[in-house]
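Numbering (my numbering), first residue to last: 1367 to 1768.
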């Protein structure tokens, strides 16, 4: 895609997390960048480097994410030896990102080329927006919001960014209402999948051969697994009440898996399997496609129920397997009573009943699953971003001075 000047449109994406270990946020960021690349943009992702012994191969990192249309990745030098956390470490990422942004700003301020700077981190964008405002640069700054935060830094970014992307309509609606942002300056991305995922379908039988599991019914949860996770405890209690069902959890560091295995042993729950952390994210789909029932049962303790749209939801929808989950504000853009089995949140009896319903009323469950699959065919980053390019570049200029 080219701008009015005939030059290719360009995206600089500033990631607050390193991508050499594949996890939820990193996967979403990489897919997001590929979506712009597939719409004709020159894309450069700027990401901090973390020095781990078990990093993904830097030269092949995009392959591990299942990326078909590659883009440039620039690693910011740091002294980090483990995951980025804490005020000081985040401040360093913000500073390094700003130093990288300076020549980008100076190079493109007066050029007739459409340039986007995007980040999910308002902290990274805050100093960039401040300097861009002083220089009156033509670069367009877009914040990709996954959760609305009420803080003066975030308020400044919401008010001064050229465009706001949110993963669901609750986010964009709240920003419009709370910060006076016009509806024409917001857009919804959802939390889509890649084009490759739309094409790589897998039968349940083939998936089960790959993972070596034949038990039925198989209830699968994919996602984060950590000690003290309320979602995991609800699912384990459901497993205790459904001894003829096999429950499978992906994810979890070795000490986390041992903790939950000990819990199962102490509570005489023998129908639970754990894979541990999957270093190759591409293996995750084998477990999702192998399932008879897919569950997502996160709670208010772990996530903001209004804003958190789990990445796995659209992945679940692609499998043609029934989904059991509570009805939350954050997921209403993609899930409804016609494509999912809704259960009450934090209610073990309702969760168990929903899982039973998915297995015992298979005809109805399959109708829901087929509808979810049909809906998911429209939820790739390439398709979603194609609908957002014109609104981003043609939105009215900001009039706020605060």
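Each residue gets a CB set at the ideal place from its N, CA and C atoms; glycine is no exception.
Bear in mind the structure is a predicted one, so any value in this text is a computation, not a measurement.
According to the neighbour-count rule (16 or more other Cβ atoms, all chains shown, within 10 Å of its Cβ), is residue i buried or exposed?
i, result
"residue 1557", "buried"
"residue 1768", "Legend: pLDDT at residue 1768 = 47, less than 50; position of this residue unreliable, value from coordinates given subsequently. It counts as exposed."
"residue 1646", "exposed"
"residue 1758", "buried"
"residue 1725", "buried"
"residue 1766", "With a pLDDT of 48 at residue 1766, under the threshold of 50, the modelled position of this residue cannot be trusted; read the value that follows with caution. The residue in question, residue 1766, is exposed, as its Cβ has fewer than 16 Cβ neighbours within 10 Å."
"residue 1743", "exposed"
"residue 1589", "buried"
"residue 1500", "exposed"
"residue 1366", "The chain is shown from 1367 up to 1768; residue 1366 falls before or after that span and cannot be answered."
"residue 1528", "buried"
Find the nearest neighbour of residue i within the set the options, judged by alpha-carbon distance.
i, options, result
"residue 1747", "1506, 1397, 1393, 1416", "1397"
"residue 1582", "1637, 1569, 1649", "1637"
"residue 1423", "1441, 1442, 1386, 1584", "1386"
"residue 1540", "1696, 1502, 1657, 1731", "1696"
"residue 1449", "1429, 1389, 1604", "1389"
"residue 1383", "1431, 1486, 1471", "1486"
"residue 1640", "1484, 1577, 1468", "1577"
"residue 1595", "1644, 1664, 1642", "1664"
"residue 1648", "1395, 1432, 1427, 1428", "1432"
"residue 1611", "1507, 1658, 1527, 1567", "1658"
"residue 1570", "1527, 1686, 1627", "1686"
"residue 1373", "1392, 1654, 1408", "1408"
"residue 1468", "1497, 1441, 1484, 1459", "1497"
So, for residue i: in the same chain, excluding its five sequence neighbours on each side, which residues have a beta-carbon less than 6 Å away from its beta-carbon?
i, result
"residue 1439", "1411"
"residue 1606", "1635"
"residue 1682", "1660, 1689"
"residue 1434", "1562"
"residue 1712", "1665"
"residue 1481", "1376, 1474, 1505"
Please go through the same chain and pick out, in chain order, the residues whose beta-carbon is closer than 7 Å to the beta-carbon of residue i, but skip the five residues on each side of it.
i, result
"residue 1319", "Absent from the structure is residue 1319, since the part of the chain shown begins at 1367 and ends at 1768."
"residue 1446", "1414, 1416, 1417, 1455"
Which residues in the same chain have their Cβ closer than 8 Å to the Cβ of residue i, if we skip the five residues on either side of it in sequence?
i, result
"residue 1523", "1488, 1491, 1492, 1495, 1509"
"residue 1519", "1488, 1489, 1492"
"residue 1542", "1548, 1549, 1552"
"residue 1443", "1415, 1462"
Is the stretch 1511-1518 close to the stretch 1530-1546, with three or more CB pairs under 8 Å? yes
- Query: What alpha helix (DSSP H) runs, 4 residues minimum, are completely inside the stretch 1623-1688?
  - Reply: 1650-1656, 1678-1684
Hey, is the stretch 1448-1456 in contact with the stretch 1464-1483, meaning 3+ C-beta pairs nearer than 8 Å?
-> no
When the Cβ atoms of the stretch 1702-1714 are set against those of the stretch 1613-1632, are three or more pairs found closer than 8 Å?
no
Can you list the beta strand (DSSP E) stretches of 3 or more residues lying completely in the stretch 1573-1626, in chain order? 1584-1587, 1612-1615
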